[in-house]
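Asker:
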Amino acid sequence: MFRFIHPRLLAFDIEWIPDPHAAGMLYGIDTSSRHGVEDAFRKLWAEGGATEANPHPFIKLTLSKIVSICGIYREVDDAGTVHHKLVTIPSRADDPRATAEPSILKAFLRSTADKRPQLVGFNSARSDLPIILNRSIVHGLSSHGWAMRPDKPWEGIDYFGAHSDYHLDLAAFLGWGAQTPSLHEIATISGIPGKIDMCGSSVAEMVLSGQLDKVIAYNEYDAFTTFLLWARVAHFTGHLSDQAYIREQEAILALLNQEIEDHGKDHLVRYRDTWLDMRAKVDSDALSKTPEEEST
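Numbering (this note's numbering), first residue to last: 584 to 879.
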């Protein structure tokens, strides 16, 4: 599945909405008012094939706008100690400069170009990396080396190589086409929280109603979920021993507690408690299996 765990790793997730500016440029819609922005959303969804059953279809990434990028950064220091950090861009929902899409992209590109972590996502090869690429080009940004590719695979970090281990798309490991599970499905039945309170289709309405803080909170949930799923996959592949896998979970629990207690992120209380309840149930189900069931 993958060959190594890099000393620096970022399990990340992105939230985006239809881009009102794109609708204004392409279809002449005046987006200077909330009503105009709503019209822009409807037009982009309509062009994307909206139906009564699916009013908010997946639209082209070029015509979408990134509103949040969150991740769990894992680093192993020279002494072999593993550190974990929650990365949230933007860090504040009430700062117009930080919440502007170019600022979000610049912060992500600069940090990843500098640290060059192994990137981990879910469906990231088909969505997260392409939208970063598309929207950075739209805004005329430099990747600061993030998009550079080595002449030969062994000569450097490559996020875009078909067989590169520097970008791990967990969805690609788990299925193909109609057999690919959603993050919510594979996480939930593995004892990891999936979607809590909202889903991706409601992000645009939340942003429009001035609730970007809730979108960022939702994005942080998915970042934790992506990391915990990565740890489970890494344990399956043998890159994390049984004890190392337990330590990763303990470290994430400690990170959740730190974010709650030191940074006042009360929304993570529900994530933590939901995860502990789900994990206990999955562990209990595993212990209740008969030897015959374990061997099948």
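By construction, the Cβ of each residue, glycine as well, lies at the ideal position given by its N, Cα and C atoms. In this text, all values refer to a predicted model and were calculated from it rather than measured experimentally.
#1: Quick one: what's got a C-beta closer than 6 angstroms to Arg-699's C-beta in the same chain, skipping five residues either side?
#2: Pull the bridge partners of Ser-651 from the DSSP assignment, please.
#3: Below 9 angstroms between beta carbons: does that hold for Ala-814 and Val-665?
#4: Suppose only complete runs of 4+ residues qualify. What are the alpha helix (DSSP H) ranges in the segment 692-772, listed by chain order?
#5: Relative to the C-alpha of Val-650, which candidate in His-589, His-846, Ala-817, Asn-802 has its C-alpha closest?
#6: Can you check whether the CB of Asp-697 is closer than 9 angstroms to the CB of His-667?
#7: Would the beta-carbon of His-543 fall within 9 angstroms of that of Leu-688?
#8: Rounded to whole angstroms, what's the CA-CA distance from Val-786 to Lys-797? Just pull it up for me.
#9: Is it true that the segment 826-845 meets the segment 628-635, where meeting means three or more beta-carbon pairs spaced less than 8 angstroms apart?
#10: Could you give the distance in angstroms between the alpha-carbon of Pro-601 and the alpha-carbon of Ser-765?
#11: Within a Cβ cutoff of 6 angstroms, which residues of the same chain sit near Gly-607, ignoring the five residues on either side of it in sequence?
#12: Going by the CB atoms, is the gap between Val-670 and Leu-753 shorter than 9 angstroms?
Answerer: The short version:
#1: Ile-740
#2: Glu-598
#3: no
#4: 711-721, 753-757, 766-771
#5: Asn-802
#6: Here His-667 is not near Asp-697, since their CB atoms are 9 angstroms or more apart.
#7: No statement about residue 543 is possible, as the shown extent of the chain runs from 584 to 879 and does not include it.
#8: 9 angstroms
#9: Between the segment 826-845 and the segment 628-635, the count of C-beta pairs closer than 8 angstroms stays below three; the two stretches do not touch.
#10: 21 angstroms
#11: Thr-614
#12: no
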